[in-house]
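In UniProt numbering, the protein residues as written are 1 to 626.
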């Protein structure tokens, strides 16, 4: 049996061995996939595979097996490759069949292009980026659970223990002369420029013309994101994946220097599609040292990116859920106390914030997304950085998030909606290209007087569409293409938000600490890491529970609705009933209940009554508030 070193360090050897044994057999490809799928379904074995998310590229073995936790940012047109080809020995003229699958470059021996045994196959290329807005605690937990042992690649000699992706990116944006000073010699920097003197000369000429060379746009949806982008080559079942899917990909890492030179060498044009423009080549064939290729052996779609939960559909997962559900009620109580302290003693606002954090779109009926619960938390202090600190606290609980300060400059300048670039033939990302269940924190307390320009109006409209319809209309110039999303939107504001929401809670602080920032810092610091992990697990588990309403409960709810409208038909509308049903559902799930009970229905009614009374009181107090 192949050892760990074989299937992780030399997966191509495994592939070629199976190919050699099954030459002429149509099922050799299935045997390859089954072999690696069996390995990846073992949770311990998965942790042995080094991750592109955690390990710098120059520490990874070329042609070794790696994994990548990512979001599909774009999909390129299918490409053809030589799945099987025949080589000819120039000395003996003997022929040999070779496997071209999972490779970017064929072997150097002369290839018989007229061979009848050659097989041309098709593969799909996904442009993948790290999951946008992924929280620091998620990255740390995934990295901490890794059992992979990596050493610096032989093509790179580090002068210190480790270099991060962030430092790599800074190095790439420095002038050529400065890079040489930092790295020692031009050829010592990871895989770029190995013997490629013409490319170095071109970089030097570029540096002479500009003080800082223009770095490659890795097309991350969120500003300030770090990490590797990757061209993921998918061979089977690629039609089942779509843009914005989150995946964990296991594949063979390809950083062949021949690929790194494609963008700069005129002679390399024969490697690429001659119909592509220079801009397309730059977007679709970036240097492999910056955007490595990953040839997929196994893909695991991610329902979530919470590292504290075992893999889906496993015995370990079922046992874990059964155990955790027994303490879910106590964890809920502790989390509610924590959120109450964070919201300055407002228990009602804490209750609704908890329900918001476990909400998700579970189904769609025509254009209506079911399960969403966009929350407007009004009454937030503006005189101190309360909302910024609130976001930092929520960041420690959710798996991915993004905070957008709704200042006039941001609204008029932010790129929220992805658009199609027809020149480079790629999808240019925007900040609303977020993973499922991401928390979008809209800080309206930063809003000031001024005029929205055309971009600002489009951005406000896009945010409204996300909140109301859970969709983003991508800009394809001549038309708009609708992409469904599943984003939890929390709007913090002083008065009622100008954006729509499913529910509004006006904050009523019960505490007035002399130093609000110091108080919130103390509340946050009081939470032990083990306690935070329970909260994080709770939010993911509660969101994944199934839910239904028994027929008798449905009848009781209908009767109750009729009774509420008897005395005053204006007291409750169909929209109010829908919100009440959503609150009831979330309240049930928050207690670990998978069906609605009479007690939970009455509790939801009471919550809504208290909330509406508070808003009515606020309107009377302000007089002019809408």
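From the three backbone atoms N, C-alpha and C, an ideal C-beta is built for every residue, glycine too.
Put residue i into one of helix, strand or coil per three-state DSSP.
{"i": "residue 238", "result": "helix"}
{"i": "residue 20", "result": "helix"}
{"i": "residue 564", "result": "helix"}
{"i": "residue 477", "result": "coil"}
{"i": "residue 331", "result": "helix"}
{"i": "residue 150", "result": "coil"}
{"i": "residue 261", "result": "Reliability fails at residue 261, whose pLDDT of 49 lies under 50, so the model's placement of it is uncertain and the value that follows must be treated cautiously. In the structure shown, residue 261 sits in coil (DSSP, three-state: anything other than H, G, I, E or B)."}
{"i": "residue 369", "result": "strand"}
{"i": "residue 233", "result": "strand"}
{"i": "residue 359", "result": "coil"}
{"i": "residue 111", "result": "strand"}
{"i": "residue 116", "result": "coil"}
{"i": "residue 49", "result": "coil"}
{"i": "residue 484", "result": "strand"}
{"i": "residue 243", "result": "coil"}
{"i": "residue 472", "result": "strand"}
{"i": "residue 548", "result": "strand"}
Assuming contact is defined by CB atoms lying nearer than 7 angstroms, are residue i and residue j in contact in what I supplied?
{"i": "residue 357", "j": "residue 539", "result": "yes"}
{"i": "residue 464", "j": "residue 411", "result": "no"}
{"i": "residue 60", "j": "residue 247", "result": "no"}
{"i": "residue 460", "j": "residue 500", "result": "no"}
{"i": "residue 345", "j": "residue 490", "result": "no"}
{"i": "residue 132", "j": "residue 221", "result": "yes"}
{"i": "residue 439", "j": "residue 477", "result": "no"}
{"i": "residue 98", "j": "residue 87", "result": "yes"}
{"i": "residue 416", "j": "residue 432", "result": "yes"}
{"i": "residue 485", "j": "residue 470", "result": "yes"}
{"i": "residue 591", "j": "residue 577", "result": "no"}
{"i": "residue 150", "j": "residue 50", "result": "yes"}
{"i": "residue 435", "j": "residue 71", "result": "yes"}
{"i": "residue 74", "j": "residue 259", "result": "no"}
{"i": "residue 429", "j": "residue 586", "result": "no"}
{"i": "residue 297", "j": "residue 68", "result": "no"}
{"i": "residue 537", "j": "residue 308", "result": "yes"}
{"i": "residue 28", "j": "residue 18", "result": "yes"}
{"i": "residue 423", "j": "residue 279", "result": "yes"}
{"i": "residue 610", "j": "residue 348", "result": "yes"}
{"i": "residue 339", "j": "residue 350", "result": "yes"}
{"i": "residue 78", "j": "residue 16", "result": "no"}
Could you pull the start and end residues of the beta strand (DSSP E) that residue i belongs to?
{"i": "residue 124", "result": "119–130"}
{"i": "residue 401", "result": "401–405"}
{"i": "residue 248", "result": "246–254"}
{"i": "residue 61", "result": "Careful: residue 61 lies outside any beta strand (DSSP E) and carries neither H nor E."}
{"i": "residue 69", "result": "65–75"}
{"i": "residue 87", "result": "79–88"}
{"i": "residue 95", "result": "95–99"}
{"i": "residue 397", "result": "Segment: none, residue 397 is in no beta strand (DSSP E) and carries neither H nor E."}
{"i": "residue 378", "result": "375–378"}
So is residue i buried or exposed if we call it buried at 16+ other beta carbons inside 10 Å?
{"i": "residue 602", "result": "exposed"}
{"i": "residue 598", "result": "exposed"}
{"i": "residue 318", "result": "exposed"}
{"i": "residue 125", "result": "buried"}
{"i": "residue 228", "result": "buried"}
{"i": "residue 643", "result": "Absent from the model: residue 643. The displayed extent of the chain is 1 to 626, so no value can be given."}
{"i": "residue 13", "result": "exposed"}
{"i": "residue 543", "result": "buried"}
{"i": "residue 294", "result": "buried"}
{"i": "residue 496", "result": "buried"}
{"i": "residue 639", "result": "No information on residue 639 is available, as it lies outside the stretch 1 to 626 that the chain covers here."}
{"i": "residue 575", "result": "exposed"}
{"i": "residue 289", "result": "buried"}
{"i": "residue 85", "result": "buried"}
{"i": "residue 616", "result": "exposed"}
{"i": "residue 570", "result": "exposed"}
{"i": "residue 444", "result": "buried"}
Over what stretch of residues does the alpha helix (DSSP H) that includes residue i continue unbroken?
{"i": "residue 615", "result": "598–622"}
{"i": "residue 218", "result": "First-last for residue 218: undefined, no H or E at that position."}
{"i": "residue 33", "result": "28–40"}
{"i": "residue 459", "result": "454–469"}
{"i": "residue 139", "result": "136–145"}
{"i": "residue 584", "result": "574–590"}
Q: List in chain order: all unbroken beta strand (DSSP E) runs of 3+ residues lying wholly within the segment 281–326.
A: Fully enclosed beta strand (DSSP E) runs of 3 or longer: 293–301.
Q: Entirely within the segment 488–545 and at least 3 residues each: give me those beta strand (DSSP E) ranges in chain order.
A: Scanning the segment 488–545 from its first residue to its last, the whole beta strand (DSSP E) runs of 3-plus residues come out as 503–506.
**Q.** Segments assigned beta strand (DSSP E), at least 3 residues, entirely inside the segment 401–445
**A.** If one requires a minimum length of 3 residues, the beta strand (DSSP E) runs lying completely within the segment 401–445 are 401–405, 419–421, 426–428 and 438–443, in chain order.
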